[in-house]
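Working notes for the structure below.
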């Protein structure tokens, strides 16, 4: 009897435990769902804020660039600065929501972390000097290879350095130290790479240290109270480090300073296969080499000749970015961020930059303003007033955030400017926007390629070049022997320069450009009932109606006869 009672008692307890377990599981699921809802809410509301904020910032920037009234500029600058701060906070909220939703994936590649961190530190030198801070970088070795995600780790390092600069009073010191730690631990079986960011700021009270990585937490120390942050940056830094399977710690003494230490695992045992990517391999510098035969005759109508004409050595290569900067560390920093996508060419000063720009005709130029000899303003002015390089977009890097320096840069023809220290995510977005804008201009030019002057949105020098080019084609359109070699002589340009210029403005090789012009003029004549298909073919420089019809159908997706019937 006693055994039965005990058995019954145990069964009842088991049932209670099962019920409690079920309730805990149910509560856990509800909490997870609530957390997901909260993350989605943050993401959605952040996205909703971005659009109206962008619509506010755009007109503000236009008003600021057009205003000459000092008081108005001061007010507009204040509005723009706070709009940019708000946008930064929104972007950080979106970053946190990605971590919460599990959408933030590690994309680590094997890179030199010393040069990477040295470049980030160098980008903070202007603002450190402005705040009267001593900023130093120390590394035991010149090169330490490590698997890390440069885009994400940059954000963590950027946040730590921003905090150090923001909270260290004038006359203070900030030291970044990189050391290899060969001590094997459970979390770091192959040792670790330790990154220390140490400052001589006011320090953090001991009772607040345990909360310093909590979201939206702000320390109450006297100096920090005067310069409040958002309480998001350190939370993101912690998420990024943990995504790398690393650890971040903080040590601080009030009145002495604060040190943040990031520890990242060496080797790749800690990484899953989908967390590793191959580093970008730079492509060859693209462009038409001097010995490239660009003078194929348009009158050669064999299939082999046509196939040869269609070869465009630029189409298979990456866009070229020319980086002009006197700091080798900043050049390395920019190169490391761009090379997976672009081919990067470097120049150490303005004079070398102008020379290389004319030699390679890059797709975009990034230039510092403060350089020995030729500064960024003069470099931009010279390149924008040279017919060979006038079409190349220029982004100026400046340590000066005043409206006067910004206006001065834009007046020299710069297409955009970025203030140091800069986040390479912003730099990459600006580069993509400018290159996309050029692609749009190419499409506009192709649509406008008629006998009329160019109306596309381009510089006056580029419009003059295109109109001059079209005048030459118009005068010689009936000549079947007109080719690229003759076009170079008439335009007074070398073959490589003409090739790059036409390709940059139209997206076509010179041979394709000539053929497109002939075909579009042929379409105009057919539409206006100029004559038979054969007569139109001869009029626009084709030797036979068959080859004209073949090229016409390829471009307009219908035969000349069908086009004539439908449009005539």
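Residue numbers (this note's numbering): 573 to 1140. Positions of the beta carbon are idealized from the N, C-alpha and C atoms, including for glycine. Source: prediction; values computed, not measured.
Just tell me which of 996, 1120 and 1123 has its CA closest to the CA of residue 903. Residue 996 is the option with its Cα nearest to residue 903.
Three CB pairs or more closer than 8 Å across the stretch 675-691 and the stretch 710-717: Yes: the two stretches touch, three or more of their Cβ pairs being nearer than 8 Å.
So if DSSP puts residue 770 in a beta bridge, which residue, or which two residues, is it bridged to? Answer is 747 and 831, bridged to residue 770.
So, for residue 993: in the same chain, excluding its five sequence neighbours on each side, which residues have a beta-carbon less than 7 Å away from its beta-carbon? 695, 696 and 699, listed in sequence order.
Span separating the alpha-carbon of residue 1131 from that of residue 1098: Here the alpha carbon of residue 1131 sits roughly 11 Å from the alpha carbon of residue 1098.
Mapping the DSSP letters down to three states, classify residue 844 as helix, strand or coil. Reduced to three states, the DSSP call for residue 844 is coil.
Are the beta-carbon atoms belonging to residue 772 and residue 744 less than 8 Å from one another? Their beta carbons are under 8 Å apart, which means residue 772 touches residue 744 by this criterion.
Within 10 angstroms of its Cβ, does residue 582 collect 16 or more other Cβ (buried), or is it exposed? Burial call: exposed.
Comparing alpha-carbon positions, which option in 941, 967 and 584 lies nearest residue 935? Looking at the Cα atoms, 967 is the closest of the given residues.
With 16 other CB atoms within 10 Å as the buried threshold, where does residue 701 fall? By the beta-carbon neighbour count (other beta carbons within 10 angstroms, threshold 16), residue 701 is exposed.
From residue 962 to residue 986, what distance separates their C-alpha atoms? Their backbone Cα atoms lie some 11 Å apart in a straight line.
With H, G and I counted as helix, E and B as strand and the rest as coil, what does DSSP make of residue 949? Helix, per DSSP.
Using DSSP with H/G/I as helix, E/B as strand and the rest coil, what is residue 961? Note: residue 961 maps to coil in three-state DSSP.
I'd like to know if residue 841 contacts chain B, where contact means its C-beta is closer than 8 Å to some C-beta of that chain. Of the chains in the structure shown, none is chain B; there is only one protein chain.
Does DSSP classify residue 849 as helix, strand or coil? If DSSP states are grouped into helix, strand and coil, residue 849 belongs with coil.
Indicate whether residue 964 and residue 933 have their beta-carbon atoms separated by less than 8 Å. Yes. Within cutoff.
Given 8 Å as the limit, is there contact between the stretch 911-918 and the stretch 940-950, that is, 3 or more CB pairs closer than that? Counting Cβ pairs under 8 Å, fewer than three are found: no touch.
Look at the Cβ atom of residue 895, then the Cβ atom of residue 834, and state whether they are nearer than 8 Å. By the CB criterion at 8 Å, residue 895 and residue 834 fall outside the cutoff.
Mark residue 1134 as exposed unless 16 or more other C-beta atoms lie within 10 angstroms of its C-beta, in which case mark it buried. Around the CB of residue 1134, fewer than 16 other CB atoms lie within 10 Å, so the residue is classed as exposed.
Terminal residues of the continuous alpha helix (DSSP H) containing residue 697? Here the alpha helix (DSSP H) through residue 697 covers 697-702.
Going by DSSP, what residues sit across from residue 969 in a beta bridge? 940 and 990, per the DSSP bridge assignment.
Could you say which of 1112, 632, 1075 and 924 lies nearest to residue 559 if we only look at CA atoms? Residue coverage of the chain in this structure runs from 573 to 1140, which leaves residue 559 outside it and unanswerable.
Using CA coordinates, which residue listed in 1116, 1095, 1117 and 1106 is at the minimum distance from residue 1129? Relative to residue 1129, the option among 1116, 1095, 1117 and 1106 whose CA is nearest is 1095.
Chain-order list of residues whose beta-carbon lies under 8 Å from that of residue 1040 (same chain, five-residue window excluded): Non-local C-beta neighbours of residue 1040 in its own chain, meaning closer than 8 Å and more than five positions away in sequence, comprise 1063, ordered along the chain.
Can you name the start and end residues of the beta strand (DSSP E) that residue 895 belongs to? Element bounds for residue 895: 892-896.
How should residue 1003 be labelled, buried or exposed, when 16 other C-beta atoms within 10 angstroms of its C-beta is the threshold for buried? Taking all protein chains shown into account, residue 1003 has 16 or more neighbouring C-beta atoms within 10 Å of its C-beta and is therefore buried.
For residue 837, which residues does DSSP report across the bridge? Its beta-bridge partners are 764.
Would you call the stretch 718-734 and the stretch 823-838 touching, i.e. three or more CB-CB distances under 8 Å? Between the stretch 718-734 and the stretch 823-838, the count of Cβ pairs shorter than 8 Å is three or higher; the stretches touch.
What's the gap between the Cα of residue 848 and the Cα of residue 841? Within the model, the alpha-carbon separation for residue 848 versus residue 841 is close to 11 Å.
Taking all protein chains shown into account, decide if residue 1118 is buried (16 or more other Cβ within 10 angstroms of its Cβ) or exposed. It is exposed - the Cβ of residue 1118 has fewer than 16 other Cβ atoms within 10 Å.
Less than 7 Å between C-beta atoms, sequence neighbours within five positions excluded: which residues of the same chain meet that for residue 648? If we look at residue 648 and ignore the five residues flanking it on each side, its Cβ neighbours are 632, 635, 636 and 639.
Excluding sequence positions up to five away, which residues of its chain have a Cβ less than 8 Å from the Cβ of residue 1074? Excluding positions up to five away in sequence, the list reads 1041, 1080, 1081, 1082 and 1085.
Just to confirm, is the Cβ distance from residue 1124 to residue 1091 under 8 Å? Yes, Cβ-Cβ distance for residue 1124 and residue 1091 is below 8 Å.
Does the pairing of the stretch 952-961 with the stretch 922-932 give three or more beta-carbon distances under 8 Å? Short answer: they touch.
Is it buried or exposed, residue 860, if we count other Cβ atoms within 10 angstroms and call 16 or more buried? With a pLDDT of 36 at residue 860, under the threshold of 50, the modelled position of this residue cannot be trusted, and the question is left open.
Please report the distance separating the alpha-carbon of residue 732 from that of residue 809. Computed Cα separation, rounded: 8 Å.
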